[in-house]
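Note that numbering that gives the first Met the number 0 gives residue 381 to position 382 of the sequence shown, counting from 1, and the numbers run on in steps of one.
Each remark here refers to the structure printed beneath this line.
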Amino acid sequence: MEELNSPAAEPALPTTPEARAAYIKAAQTKPDLAALTRLFAAELRANPALAEALTPYLPQSESLIVGLYANAKAAAFVKGPFLAKQAEARFIEVREAAAHDLWEIQQKKLFDLQCRWRAEQITLPGVRHTEEFRQWEDYIDHCPWLPPITADEVALYQDYLRSDQYVPNQNWSWQNYRQFRRTAEGEEQGPDEADGPNDDDGYEAATRRGYRTLPAWYQYHNEATGQNLLLTLPDVRGEKEAYYIGLTEADKAEKLAAQRARGDMAASLPWHPLVLHRDDLAPYFRQFEDPADLPRLLRWYEADQQDERRRHGYLFEANLWIERALEDQTNPWPIAAHADWRQAVIAAGMRAWGHQLAEVLPAVWQEQEQNRALGLPLTGPKQYGDQKPFAEVNWSEEETYHPKFILRGRELAGEPRDFNF
């Protein structure tokens with residue numbers, strides 16, 4: 000008669016401290032909850048204090064108590080280290096975000112100085128043309144003539160973080176004076192800035208409108224300090240620059256017309272429409288792809304497009320704020336009524352996040368100031384995309400279109416090729 004296989008014997012439990020440490024580490028790495036439970040149950044049963052602790056209770060309680068105790072201890076050993084690291088990472092995430100956002104205070108200072116500089120009320124060291132404010136926007140932590148952040152400014156920003164007006168950093172173009180002014184004056188947007196299709200519940204349109212208006216912190220600061228009128232100051236410097244740029248553009252248009260008259264049309268050809276409108280490549284796939292492969296490609300492309308839309312909409316953002324702010328709330332957090340639950344969750348998540356930042360902001364600022372005093376590196380503003388180190392930036396006027404056109408316009412006007420106007 001064939002003998003039945005006996006169940007595999009459980010691994011022997013360790014008998015020395017070294018073997019115990021190796022056993023626990025192997026079980027944590029695997030992870031093996033059952034192995035740890037066996038070890039901790041055996042250790043508890045061998046503990047003389049257990050019998051004394053269970054004396055007042057029903058004897059049958061022992062096996063259940065040992066099992067519950069050992070399983071809870073094993074779960075702590077398996078999940079505890081990861082969760083502790085996760086909590087530490089969360090602690091660092093909030094403090095780093097607060098350190099990044101402190102630079103919004105400096106961006107507002109720079110913007111206010113830009114308004115006054117454009118009105119020719121002040122001069123600023125080394126600033127020659129308006130485009131340099133956009134350059135300092137990217138390197139705000141290196142701007143040498145901005146005064147350090149003060150305790151009063153931190154307190155005001157803390158109030159902003161706790162307010163309903165708070166909007167988390169959206170990578171605004173912080174020094175985009177011309178766009179902010181056009182929006183403030185109610186000028187119509189160009190075709191490329193139109194709200195576009197409304198197949199995403201207006202999410203993309205709302206996002207674009209947000210980038211065209213003054214950042215939320217600027218608006219809050221203006222209302223709190225009464226500096227609402229800075230953007231209404233005359234843009235004297237901007238108008239002078241526009242005059243010289245206009246001369247250059249007129250000269251280019253004249254030369255282009257002469258080229259066309261000679262039959263040279265290459266320089267006047269328009270950009271391919273795909274350069275400006277990249278939302279739908281399906282027509283180009285139909286134009287260039289093998290008809291046999293086209294149906295599959297179009298299905299996959301549409302699936303990819305749907306995924307992209309999902310990742311840039313109210314549902315995705317609502318989930319983001321649940322994970323980033325709301326699920327870490329130790330106390331119940333209010334959610335205001337809204338016709339769209341997604342937008343209600345987003346607003347609640349933003350407010351919760353703002354309060355979390357406000358809690359750590361003073362300590363983070365003090366740490367930054369201590370680092371500054373000791374000559375240690377500061378946590379700079381959050382960077383988006385690739386950005387050259389500050390020491391490698393070429394600040395020459397030939398770097399961008401704007402100053403180049405100004406200097407060419409000066410030449411066309413018979414004036415010196417400089418920014419002294």
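Built from N, CA and C at the ideal position, the CB exists for glycine as well.
This one's a predicted model, so the numbers in the text were calculated from it and none came from an experiment.
(message) Using 8 Å as the threshold, is the C-beta distance between Leu-109 and Ile-139 below it?
(response) Along the sequence shown, one-based indexing puts residue 109 at 110. Along the sequence shown, one-based indexing puts residue 139 at 140. Yes, the pair counts as a contact, with Cβ atoms nearer than the cut-off.
(request) Grab me the residues of Ile-104's own chain with a C-beta within less than 7 Å of its C-beta, minus the 5 sequence neighbours each way, in chain order. (result) Indexing the sequence shown from 1 puts residue 104 at position 105. Closer than 7 Å at the Cβ level, and outside the excluded window around Ile-104, lie Ile-148, Glu-152 and Tyr-156.
(request) Please indicate yes or no: does the CB of Asp-158 lie closer than 7 Å to some heavy atom of the ligand MN? (result) In the structure on display, the ligand MN does not appear, and there are no ligands present to speak of.
(message) Considering just the uninterrupted stretch of the alpha helix (DSSP H) at Phe-139, what are its terminal residues?
(response) Reading the sequence shown from its first residue, position 140 is the one you call residue 139. Reading the sequence as shown, one finds Ile at residue 139 and not Phe. According to the DSSP assignment, Ile-139 belongs to no alpha helix (DSSP H), since it is labelled neither H nor E.
(request) Enumerate in chain order the residues of its own chain whose CB-to-CB distance from Arg-416 is below 6 Å, with the five nearest sequence positions on each side excluded. (result) As a first step, residue 416 is located in the sequence shown; it is residue number 417 there, counting from the start. Excluding five sequence positions before and after Arg-416, the CB atoms of its chain that fall closer than 6 Å to its own CB belong to Leu-406, Arg-409 and Glu-410, given in chain order.
(request) Pick helix, strand or coil for Phe-420, following the three-state DSSP scheme. (result) Within the sequence shown, numbered from 1, the residue matching residue 420 stands at position 421. For Phe-420, the three-state secondary structure derived from DSSP is coil.
(message) Does Tyr-421 come out as helix, strand or coil in the three-state DSSP assignment?
(response) Because the chain is modelled from 0 through 420, residue 421 falls outside the range shown and cannot be assessed.
(message) Distance check for Thr-122 and Trp-279, CA to CA, integer angstroms please.
(response) As a working mapping, residue 279 is identified with position 280 in the sequence shown. As a working mapping, residue 122 is identified with position 123 in the sequence shown. Rather than Trp, the amino acid found at residue 279 in this sequence is Asp. Rounded to the nearest angstrom, the two C-alpha atoms are 47 Å apart.
(message) Here's the rule: buried if 16 or more other CB atoms are within 10 angstroms of the residue's CB, otherwise exposed. What is Gly-374?
(response) Translated into the one-based positions of the sequence shown, residue 374 becomes position 375. Exposed: under 16 other Cβ atoms inside 10 Å.
(message) Whole angstroms are fine: how far does the CA of Thr-15 sit from the CA of Leu-67?
(response) For the purposes of this step, residue 67 is identified with residue 68 of the sequence shown, where counting begins at 1. For the purposes of this step, residue 15 is identified with residue 16 of the sequence shown, where counting begins at 1. Leu-67 and Thr-15: Cα-Cα distance of roughly 25 Å.
(request) Run the CB neighbour count on Gln-355, radius 10 Å, all protein chains shown included, and call it buried at 16 or more, exposed below. (result) As a first step, residue 355 is located in the sequence shown; it is residue number 356 there, counting from the start. So Gln-355 counts as buried.
(request) For Lys-387, name the three-state secondary structure that DSSP assigns. (result) Here residue 387 refers to the residue found at position 388 when the sequence shown is read from its first residue. Three-state DSSP puts Lys-387 in coil, outside helix and strand.
(request) Hey, could you find the ends of the alpha helix (DSSP H) Ile-345 is sitting in? (result) Counting from one through the sequence shown, the residue named residue 345 turns up at place 346. Residues 340-372.
(message) Going by DSSP in three states, Pro-282 sits in which element: helix, strand or coil?
(response) One-based indexing of the sequence shown puts residue 282 at position 283. Helix at Pro-282.
(request) Determine, using beta carbons only, whether Trp-102 and Glu-136 come nearer to each other than 8 Å. (result) Your numbering for residue 102 matches position 103 in the sequence shown. Your numbering for residue 136 matches position 137 in the sequence shown. Taking a C-beta distance under 8 Å as the contact criterion, Trp-102 and Glu-136 do not qualify as a contact pair.
(request) Would you mind stating whether Val-65 and Ala-40 have Cβ atoms separated by less than 8 Å? (result) Here residue 65 refers to the residue found at position 66 of the sequence shown. Here residue 40 refers to the residue found at position 41 of the sequence shown. Going by C-beta atoms, Val-65 is nearer than 8 Å to Ala-40.
(request) Out of Leu-63, Gly-353 and Tyr-313, point me to the one whose CA is closest to Ala-343's CA. (result) Taking the first residue of the sequence shown as position 1, residue 343 is located at position 344. That would be Tyr-313, whose Cα lies nearest to the Cα of Ala-343.
(request) With a threshold of 16 other CB atoms inside 10 Å of the CB of Pro-294, please say whether the residue is buried or exposed. (result) What you label residue 294 is simply residue 295 of the sequence shown in a count that begins at 1. Exposed, since its Cβ has fewer than 16 Cβ neighbours within 10 Å.
(request) Let me know the secondary structure DSSP gives Trp-171 once reduced to three states. (result) Within the sequence shown, the letter at position 172 stands for residue 171. DSSP places Trp-171 in coil when its eight states are reduced to three.
(request) Leaving aside the five residues before and after Tyr-95 along the sequence, list all residues of the same chain whose C-beta is less than 7 Å from its C-beta, in chain order. (result) As a working mapping, residue 95 is identified with position 96 in the sequence shown. The residue you asked about is not Tyr; residue 95 is Glu in the sequence shown. Thr-378.
(message) Using only the alpha-carbon positions, how far apart do Pro-167 and Phe-418 sit?
(response) For the purposes of this step, residue 167 is identified with residue 168 of the sequence shown, where counting begins at 1. For the purposes of this step, residue 418 is identified with residue 419 of the sequence shown, where counting begins at 1. In this model, Pro-167 and Phe-418 are separated by some 37 Å (Cα to Cα).
(request) With a cut-off of 8 Å on the beta carbons, I'd call Leu-230 and Ala-281 a contact; round off their distance for me. (result) Here residue 230 refers to the residue found at position 231 when the sequence shown is read from its first residue. Here residue 281 refers to the residue found at position 282 when the sequence shown is read from its first residue. That pair is no contact at about 42 Å.
(message) When you compare the CB of Leu-297 with every CB in chain B, is at least one pair closer than 8 Å?
(response) Given the protein chain composition of this structure (a single chain), no chain B is represented.
(request) Give the C-beta separation of Tyr-219 and Gln-164 to the nearest angstrom, bearing in mind that I take them to be a contact with Cβ-Cβ under 8 Å. (result) For the purposes of this step, residue 219 is taken as the residue at position 220 of the sequence shown. For the purposes of this step, residue 164 is taken as the residue at position 165 of the sequence shown. Right, their Cβ atoms sit about 5 Å apart.
(message) If contacts are defined as beta-carbon pairs under 8 Å, then Thr-36 and Asn-70 qualify, I think. What distance do you get, rounded to the angstrom?
(response) In the sequence shown, residue 36 corresponds to position 37, counting from 1. In the sequence shown, residue 70 corresponds to position 71, counting from 1. So it is a contact: roughly 5 Å between Cβ atoms.
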